[in-house]
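For reference, the structure is listed below as structure tokens.
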Amino acid sequence: MFEKALVGSKKYYALVFFLASLFLIGLICFIYQMKVGLGITGMSRDVSWGFYIAQFTYLVGIAASGVMVVLPYYLHNYKEYARLVIFGEFMAIAAVIMCILFILVDIGQTHRVMNVALHPTPNSVMFYDMIVLCGYLMLNIICGWTALSAMYKGTKYPKWVKPFIYLSIPWAFSIHTVTAFLYAGMPDRHLWLTAVMAPRFLASAFCSGPALLLILLYIVKTFTKFDPGEKAIKALAKTITYALIANLFLFGCELFTAFYSGIPAHQHSLIYLFAGLEGHNKLVPWMWTAYACMVIAAILLVIPQVRNNLQLLPFLCLLVVIGTWIDKGMGLVIGGFIPNPLHEITEYMPTLPEVMISVGIWALGFLIVTVLYKMVISVMESRRLI
491 MFEKALVGSK KYYALVFFLA SLFLIGLICF IYQMKVGLGI TGMSRDVSWG
541 FYIAQFTYLV GIAASGVMVV LPYYLHNYKE YARLVIFGEF MAIAAVIMCI
591 LFILVDIGQT HRVMNVALHP TPNSVMFYDM IVLCGYLMLN IICGWTALSA
641 MYKGTKYPKW VKPFIYLSIP WAFSIHTVTA FLYAGMPDRH LWLTAVMAPR
691 FLASAFCSGP ALLLILLYIV KTFTKFDPGE KAIKALAKTI TYALIANLFL
741 FGCELFTAFY SGIPAHQHSL IYLFAGLEGH NKLVPWMWTA YACMVIAAIL
791 LVIPQVRNNL QLLPFLCLLV VIGTWIDKGM GLVIGGFIPN PLHEITEYMP
841 TLPEVMISVG IWALGFLIVT VLYKMVISVM ESRRLI
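Be aware that the sequence shown starts at 491, since it is given in the working numbering, and climbs by one per residue.
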């Protein structure tokens with residue numbers, strides 16, 4: 491089936507070349523980082539997690555969100571998602587690969603990354619994060635590739651794969667829960683020290699992931715004969731709506747806890763993010779943009795006539811993706827470091843090499859999605875399923 495990814499239109503080859511070029515630029519910047527060190531980034535002693543970990547955190551949610559089409563189809567026999575499942579699983583594969591790459595580029599001594607497995611530390615949440623991410627990647631490869639092979643042969647997926655499918659459902663919840671515990675387990679970072687960190691992560695994942703999946707499906711629909719189906723799109727839009735409202739509600743709970751209870755340390759990070767603190771306000775416009783996007787999207791998605799407008803829906807999904815990416819990435823990660831435990835403020839903004847390395851990894855992820863989706867569409871066309 492790999493040969494189907496090698497045959498396509500000029501637009502397909504142009505997209506592949508463009509994404510590969512961006513990845514190459516990012517790779518060159520990473521080689522420069524390997525030579526010079528993490529000093530080329532905007533990170534410092536006070537802000538030790540930056541743009542890389544922000545992308546990692548967001549993409550874990552994108553990977554976990556694949557369960558939003560897998561669970562209804564396999565557990566509830568929702569046939570409308572039959573054509574969407576494989577796209578969700580392949581998006582999860584690309585997202586997990588990007589997660590792993592963002593961890594690699596964030597480590598100063600990249601060649602020592604295998605020490606996490608060779609010299610495990612069971613009391614470290616990072617150790618379990620590695621296990622769940624690698625396990626989830628393998629589960630999606632097994633399930634997705636088996637489903638594609640069955641489609642190629644014109645048969646139903648074999649029974650032996652069912653346990654892997656069922657296992658992938660709780661595993662999807664686990665990868666983002668463990669990632670949330672990485673943050674919530676740090677007592678000196680008051681913005682993260684909350685029991686609702688894992689629910690917030692899952693809520694944001696279950697709105698941003700399906701939103702990105704719908705955008706990708708709209709792009710596929712535009713350039714191919716594939717049609718995900720109106721009922722499937724509307725059902726996924728409902729999932730986005732409920733999850734987005736839950737995400738905003740949980741953030742409101744954080745605001746109440748911090749300001750009504752009068753917890754100064756918790757308030758300071760939120761004040762820095764939304765109003766600036768002691769003249770430092772680099773993230774203020776970003777955070778207001780993020781929540782403006784999410785609130786506008788939530789209000790419009792609640793209205794059935796707007797949510798069911800298939801021409802407007804992609805733009806609403808784009809608002810959700812932009813809002814959650816800023817909030818969960820830059821806002822949550824960087825905001826947790828500012829102010830530091832000594833109440834000093836060291837601001838952070840990513841440097842150009844840091845951004846280009848990140849763009850390169852995103853380009854590779856979209857390249858993987860492009861190739862995998864091309865294989866799926868080609869198989870569907872050969873089996874006359876579209």
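Yeah, the Cβ is synthetic: ideal placement off N, Cα and C, and Gly gets one too.
Run through DSSP, which three-state label would residue i get?
i       : result
His-680 : coil
Leu-767 : strand
Tyr-838 : coil
Ala-582 : helix
Lys-525 : helix
Met-604 : coil
Met-533 : coil
Phe-592 : helix
Asp-619 : helix
Ala-572 : coil
Ile-828 : coil
His-833 : coil
Thr-714 : coil
Thr-667 : helix
Tyr-548 : helix
Ser-751 : coil
Lys-728 : helix
Closest Cβ-Cβ distance between residue i and chain B: below 9 Å?
i       : result
Lys-728 : Included in the structure is just one protein chain, with no chain B present.
Assign residue i to one of two classes, buried (16 or more other C-beta atoms within 10 Å of its C-beta) or exposed (fewer than that).
i       : result
Tyr-571 : buried
Thr-729 : buried
Asn-613 : exposed
Thr-860 : buried
Arg-690 : buried
Met-616 : exposed
Tyr-503 : exposed
Val-526 : exposed
Leu-707 : buried
Ile-824 : buried
Asn-630 : buried
Gly-529 : exposed
Gln-599 : exposed
Gly-742 : exposed
Lys-700 : The sequence given here has Pro at residue 700, not Lys. Classification of Pro-700: buried, given that the 10 Å Cβ count is 16 or more.
With distances taken between CB atoms, is the gap from residue i to residue j smaller than 9 Å?
i       : j       : result
Val-774 : Lys-494 : no
Gly-855 : Ala-510 : no
Thr-714 : Ile-867 : yes
Val-606 : Met-628 : no
Ala-637 : Val-575 : yes
Ala-853 : Phe-513 : yes
Pro-829 : Leu-763 : no
Phe-671 : Ala-554 : no
Ser-698 : Tyr-863 : no
Tyr-642 : Gly-826 : no
Tyr-626 : Ile-593 : no
Leu-702 : Ile-587 : no
Glu-744 : Thr-684 : yes
Leu-740 : Val-686 : yes
Arg-573 : Leu-800 : no
Leu-857 : Val-595 : no
By Cβ distance below 8 Å, which residues in the same chain neighbour residue i in space, the five residues on each side in sequence not counted?
i       : result
Lys-711 : Asp-717 and Pro-718
Ser-534 : Thr-836 and Tyr-838
Leu-704 : Ile-723, Leu-726, Ala-727, Ile-730, Leu-803, Pro-804 and Cys-807
Asn-798 : Lys-724 and Ala-727
Gly-821 : Leu-763, Leu-773, Trp-776, Met-777 and Ala-780
Taking 7 Å as the limit between beta carbons, can you name the residues of its chain near residue i, skipping five residues before and five after?
i       : result
Val-796 : Leu-790 and Leu-802
Ile-597 : Val-603
Gly-634 : Ile-576, Glu-579, Phe-580 and Ile-583
Ile-590 : Leu-623
Ile-786 : Leu-809
Phe-546 : Cys-589, Phe-592 and Ile-593
Tyr-515 : The residue you asked about is not Tyr; residue 515 is Ile in the sequence shown. Answer for Ile-515: Met-846 and Gly-850, listed in chain order.
Only counting the same chain, and skipping five residues up and downstream in sequence, which positions put a Cβ closer than 6 Å to that of residue i?
i       : result
Asp-678 : Pro-831
Tyr-564 : Ile-655
Gly-556 : Gly-578, Glu-579 and Ala-582
Thr-667 : Ala-688
Gln-523 : Ile-530
*At a cut of 8 Å, does the region 772-787 reach the region 804-818 through at least three beta carbon pairs?*
yes
*Evaluate contact between the region 643-651 and the region 711-726, counting only Cβ atoms and requiring at least three cross-stretch pairs below 8 Å.*
no
*Evaluate contact between the region 849-857 and the region 683-702, counting only Cβ atoms and requiring at least three cross-stretch pairs below 8 Å.*
no
*Is the region 499-506 touching the region 786-797 in the sense that three or more CB pairs, one from each, lie closer than 8 Å?*
no
*For the 8 Å Cβ check, are there 3 or more pairs between the region 834-843 and the region 528-544?*
yes
*asked:* Closer than 8 Å is the cut-off here; do at least three beta carbon pairs connect the region 547-566 with the region 656-663?
replied: yes
*Are the region 663-681 and the region 748-759 touching by the rule of at least three beta carbon pairs closer than 8 Å?*
yes
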